[in-house]
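Per this note's numbering, residue 3 is the first one in the sequence shown, and the count goes up by one each step.
First up is the structure itself, then whatever we jot down about it.
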Amino acid sequence: MAQPSKLSDILTKFNPLEDKYISREFQAYACYLTEELNDPKHKAIYMRLSKTINRAYLAKALSYVKDAKTNNKGALFMWKLKQLGAWEKKGKSSKVKVKSSK
């Protein structure tokens, strides 16, 4: 499994003239995800995920996708995040209503 990049490595590679839109670490990680998944169309999604989702989930899903041979790595990455339980399910609550006996 590939180790996450150190912040010092990211900063040494940072070129303020070319990378002027990357100012935070999660933005750099989102760019890394975009390159690894070969999915530049969905860069904004990876930006949001790297900002809000725990990095351990992202790293596990990425390592799973790297090992798999597929044409659509982005879809497989999102599926694996869902399987890992990276976010809570939204929708109808499963609470059982108790009827009163009056």
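Cβ coordinates follow ideal geometry from the N, Cα and C atoms, glycine included.
Nearest to residue i by CA position, among the options, is which residue?
i: F79; options: T14, Y23, N40 and K53; result: N40
i: L35; options: G76, N56 and G87; result: G76
i: E27; options: K43, R50 and A70; result: R50
Hey, could you find the ends of the alpha helix (DSSP H) residue i is sitting in?
i: Y48; result: K45 to T54
i: A70; result: It is not in any alpha helix (DSSP H) - A70 carries neither H nor E in the DSSP assignment.
i: A32; result: E27 to L39
i: K15; result: L9 to K15
Can you tell me whether DSSP reads residue i as helix, strand or coil?
i: G76; result: helix
i: K84; result: helix
i: Y23; result: coil
i: P42; result: helix
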